[in-house]
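Taken in order, these protein sequences are the chains called A and B. To convert, note that position 19 of the first sequence is 19 in the working numbering; the numbers rise steadily by one, no gaps. To convert, note that position 324 of the second sequence is 561 in the working numbering; the numbers rise steadily by one, no gaps.
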Amino acid sequence: MFPLSATELEIVLLSVKIALWSVAVSLPLALAAAYLLARHDFPGKSFVDAVIHLPLVLPPVVVGYFLLLLLGRRGPLGAWLEEWFGIVVAFRWTGAAIACSVMGFPLMVRAIRLSIEAIDPGLEAAAETLGAGRAGIVFTVTLPLALPGILTGMLLSFARSLGEFGATITFVSNIPGETQTLPLAIYALTQVPGGDSAAMRLCVLSIILSLAALVVSETLVRRASRRVLGYDTVGRG
Amino acid sequence: MTLSVAVEHQQGSFRLDARFVCGEGVTALFGQSGAGKTTVVNAIAGLMRPTRGRITLDGETLFDADRGIHIPARKRRFGYVFQEGRLFPHLTVRQNLTYSRWFGSGEPGAADIGHIVELLGLGDLLERRPARLSGGEKQRVAIGRALLARPRVLLLDEPLASLDAHRRNEIMQYIELMRDEVRIPIVYVSHSAEEVVRLAATVVLMSAGIVVTMGEVEEVMGRPDLRAAAGIFEGGTVIDARVTGQDMQYELATLAFDGGVLTVTNLDALIGEPVRVRIRARDVSIALEPPRGISIQNVLPGKVAAISAGSNGVVDISVAVGSVILRSRITRRAVEQLGLMPGLEVYALIKAVSLDRSGGR
Chain A
1 MFPLSATELE IVLLSVKIAL WSVAVSLPLA LAAAYLLARH DFPGKSFVDA VIHLPLVLPP
61 VVVGYFLLLL LGRRGPLGAW LEEWFGIVVA FRWTGAAIAC SVMGFPLMVR AIRLSIEAID
121 PGLEAAAETL GAGRAGIVFT VTLPLALPGI LTGMLLSFAR SLGEFGATIT FVSNIPGETQ
181 TLPLAIYALT QVPGGDSAAM RLCVLSIILS LAALVVSETL VRRASRRVLG YDTVGRG
Chain B
238 MTLSVAVEHQ QGSFRLDARF VCGEGVTALF GQSGAGKTTV VNAIAGLMRP TRGRITLDGE
298 TLFDADRGIH IPARKRRFGY VFQEGRLFPH LTVRQNLTYS RWFGSGEPGA ADIGHIVELL
358 GLGDLLERRP ARLSGGEKQR VAIGRALLAR PRVLLLDEPL ASLDAHRRNE IMQYIELMRD
418 EVRIPIVYVS HSAEEVVRLA ATVVLMSAGI VVTMGEVEEV MGRPDLRAAA GIFEGGTVID
478 ARVTGQDMQY ELATLAFDGG VLTVTNLDAL IGEPVRVRIR ARDVSIALEP PRGISIQNVL
538 PGKVAAISAG SNGVVDISVA VGSVILRSRI TRRAVEQLGL MPGLEVYALI KAVSLDRSGG
598 R
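#1: Around the Cβ of E418 (chain B), are there at least 16 other Cβ atoms within 10 angstroms (buried) or fewer (exposed)?
#2: Can you name, in chain order, every residue of its own chain whose Cβ lies under 8 Å from the Cβ of G136 (chain A), other than the five neighbours on each side?
#3: For the alpha helix (DSSP H) containing F158 (chain A), name the first residue and the last one.
#4: Within the chosen definition, does the stretch 31-40 of chain A reach the stretch 218-231 of chain A through at least 3 CB pairs nearer than 8 Å?
#5: Return the CA-CA distance between L393 (chain B) and G497 (chain B), expressed in angstroms with no decimal places.
#6: Name the chain A residues that come within less than 7 Å of S337 (chain B), Cβ to Cβ?
#7: Mind checking who V556 (chain B) pairs with in its DSSP beta bridge?
#8: Which same chain residues end up closer than 6 Å to T329 (chain B) when comparing Cβ atoms and leaving out the 5 residues on each side of it in sequence?
#9: List, in order along the chain, the chain B residues whose C-beta lies closer than 7 Å to that of P144 (chain A)?
#10: Going by other Cβ atoms of all chains shown within 10 Å of its Cβ, with 16 needed for buried, is I116 (chain A) buried or exposed?
#11: Confirm, please, whether the CB-CB distance from N535 (chain B) to I587 (chain B) is below 7 Å.
#12: Going along the stretch 9-43 of chain A in order, which residues come within less than 9 Å of chain B, judged by CB to CB distance?
#13: Name, in chain order, the residues that DSSP records as bridge partners for Y584 (chain B).
#14: Where do the N-terminal and C-terminal ends of the beta strand (DSSP E) with A243 (chain B) fall, by residue?
#15: Which residues of chain A have a Cβ atom closer than 9 Å to the Cβ of L284 (chain B), listed in chain order?
#16: Helix, strand or coil: which one does DSSP assign to G458 (chain B)?
#17: For T140 (chain A), go through chain B and note every residue whose CB falls closer than 7 Å to its CB, in chain order.
#18: Under 7 Å, do V440 (chain B) and A265 (chain B) count as touching if we go by C-beta distance?
#19: Let me know if G355 (chain B) comes out buried or exposed under the rule of 16 or more other beta-carbons within 10 Å of its beta-carbon.
#20: Could you please give the first and the last residue of the uninterrupted alpha helix (DSSP H) stretch that includes R256 (chain B)?
#21: Are the C-beta atoms of A310 (chain B) and some chain A residue less than 7 Å apart?
#22: In chain order, which alpha helix (DSSP H) runs of at least 4 residues are fully inside the stretch 73-99 of chain A?
#23: Just to confirm, are G372 (chain B) and S399 (chain B) a CB contact at a threshold of 7 Å?
#24: Could you spell out the range, first to last residue, of the beta strand (DSSP E) harbouring M415 (chain B)?
#25: Quick check on V501 (chain B): does DSSP put it in helix, strand or coil?
#26: For V57 (chain A), I'd like the list of residues in its chain whose CB is within less than 7 Å of its CB, leaving aside the five on either flank, ordered along the chain.
#27: When Cβ atoms are compared, which residues of the stretch 76-101 of chain A fall closer than 9 Å to chain B?
#28: G446 (chain B) to L253 (chain B), Cα distance in whole Å?
#29: Check Y187 (chain A) in the structure and name its three-state DSSP category.
#30: Out of curiosity, what's the CA-to-CA distance linking T170 (chain A) and I281 (chain B)?
#31: Quick check: what's the CA-CA separation for N174 (chain A) versus A185 (chain A)?
#32: Closer than 7 Å, CB to CB, is R323 (chain B) near chain A or not?
#33: For L209 (chain A), which of helix, strand or coil comes out of DSSP?
#34: Within the continuous beta strand (DSSP E) that includes Q483 (chain B), where are the two ends?
#35: What does DSSP give as the partner residue(s) for I422 (chain B) in the beta ladder?
#36: With a CB to CB cut of under 7 Å and the five nearest residues on each side skipped, what residues in its chain are close to L414 (chain B)?
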């Protein structure tokens, strides 16, 4: 198995980079969306909820194709980005990160929203009587108490990104060194004669990576839950 | 400092119409659950916006439906101690206590914190998290947290409801200490006559969304006609007395009041300390002569002041004992057998063990 070849290392690092960026990009948006859905009623709420959940139920290829239409160099948003900022995401690793964050978004929102809904609104009222404004309450009470859910959401989104295939290949294609993540590389290897053993090595790498992410996140979630449930993390048993 | 409240609120079929004024010291909002007490306190705190009315503190308008004024809770600086404490579970006791300094205009100094910690006996708890506190400790921290926000009014919503009798007594002592120290209006919500008699100076009696009456504790809590509104509360007499003796051998204490001396079972109070006791009307018997060969420890001479017509064969007698009007609840047949009438000299009999321990100033 080890050592990894230069190509394999590149694929793994690229996959991790894309997954991390996809989590980073979607986190602020997911926090805002989850808070809005959990704590506010507004007209069209169920419509917004449905739109957020779309990537979960649509075929990933459809999502990738829409992204291509929208963010491709000739798409309305893509052309605008290139003209004004010189940013091109189509067929780049940044595009892959965007595809992954869109696919993982509903999972992240859902996990965070559930954990916010589980928080006693009475605690937020108590904070208000102590002088905290809306933002103060969110940052000192709501988000810290939702931390286990936020971490879970980040893991789900990260894992989804590592496994993302359909939307990525449709939107940014399968370019070695630029957009070829683990699943895309495995797919490419299975398409050529004699690529089976190399594909298997990547499969094993994929499993190791996913398990590692799971273990790290479980540890963090457990630590955060203990904190939120209020048990001391050190001493006093 | 005077807090004046006049609010109306409609919530489904429940209608609230509460008007009262609180000065410094403890004003009890007293009544059965469902009377609308918590709704009133939430309106005072600014957590709820009533349909109509006004709330003012001295000259400052906090809420005025007609003028569209509603100062948000975070700007009112009203301390609120909730029934369940509502400590922040992710913060230590110390962080809970100082939470308001992140938002308050003035930061409580180290001296303030030290003082509150000492007053409420929180020294050993500072580094713990709420999950590791007992119910009583949680409420003490909640009181400290509210006080350290330097409130202009303190609201306590049934702070003892989730505690057992022993803890209740302990927290009441802390509330007494605090009450005697801060010079702000304190609104204390309760459905327990014992707590109200012990802690409050003024009572606002609520029933089904309206204020039935308000007045001094001694007066309101003694009125037999308010029993129905007060629910679990039975008619009786509240007496302010002072501990004059402790009998260690028999574990008894003697209390002097304006009308004589009472013997009660052991009090957790020092000689010279003022205490308040409540005597239920049904625990007071009437005799025409001082009885002999009887276990009753308290025989107080007095004069029948009034006889109120009761129902179901029951009559309430007011007996003037010194300056105190003692209420007694007996049967109508007994009234006729003894030939009771206003002005008649009688003896009121009270069992020592029937007195509520309701110490406090």
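C-beta: ideal position from N, C-alpha, C; glycine also.
Looking at the coordinates:
#1: exposed
#2: Taken in chain order, the residues that qualify are A127.
#3: 143-163
#4: no
#5: When only Cα atoms are considered, L393 (chain B) and G497 (chain B) end up about 36 Å apart.
#6: L130, G131
#7: B:V541, B:L563
#8: E364, R366
#9: Within 7 Å of the CB of P144 (chain A), the CB atoms of chain B belong to H327, in sequence order along the chain.
#10: buried
#11: Between I587 (chain B) and N535 (chain B), the gap from beta carbon to beta carbon is short of 7 Å.
#12: none
#13: In the DSSP secondary-structure assignment, Y584 (chain B) is bridged to B:A524, B:P538.
#14: 240-248
#15: Per Cβ cutoff of 9 Å: A125, E128, T129.
#16: A small fix is needed here, since residue 458 (chain B) is Met in this sequence, not Gly. Coil, per DSSP.
#17: W339
#18: Their beta carbons are under 7 Å apart, which means V440 (chain B) touches A265 (chain B) by this criterion.
#19: It is worth fixing the name first, because residue 355 (chain B) is Glu in this sequence and not Gly. Counting Cβ neighbours within 10 Å, E355 (chain B) comes out exposed, since fewer than 16 surround it.
#20: From DSSP, R256 (chain B) is part of no alpha helix (DSSP H) but of the beta strand (DSSP E) over 251-259.
#21: yes
#22: 76-85
#23: G372 (chain B) is a Cβ neighbour of S399 (chain B), given a cutoff of 7 Å.
#24: Segment 402-416 is the alpha helix (DSSP H) holding M415 (chain B); no beta strand (DSSP E) there.
#25: strand
#26: Once the five neighbours on either side are set aside, V57 (chain A) has no close Cβ partner at all.
#27: Sequence-ordered contacts of the stretch 76-101 of chain A with chain B are nonexistent [C-beta pairs closer than 9 Å].
#28: 4 Å
#29: helix
#30: 59 Å
#31: 8 Å
#32: yes
#33: helix
#34: 473-484
#35: Sequence inspection shows Pro at residue 422 (chain B); the Ile mentioned does not correspond to that position. The partner list for P422 (chain B) (beta bridge, DSSP) reads B:G262.
#36: Excluding residues within five positions, the ones whose Cβ falls inside 7 Å are L356.
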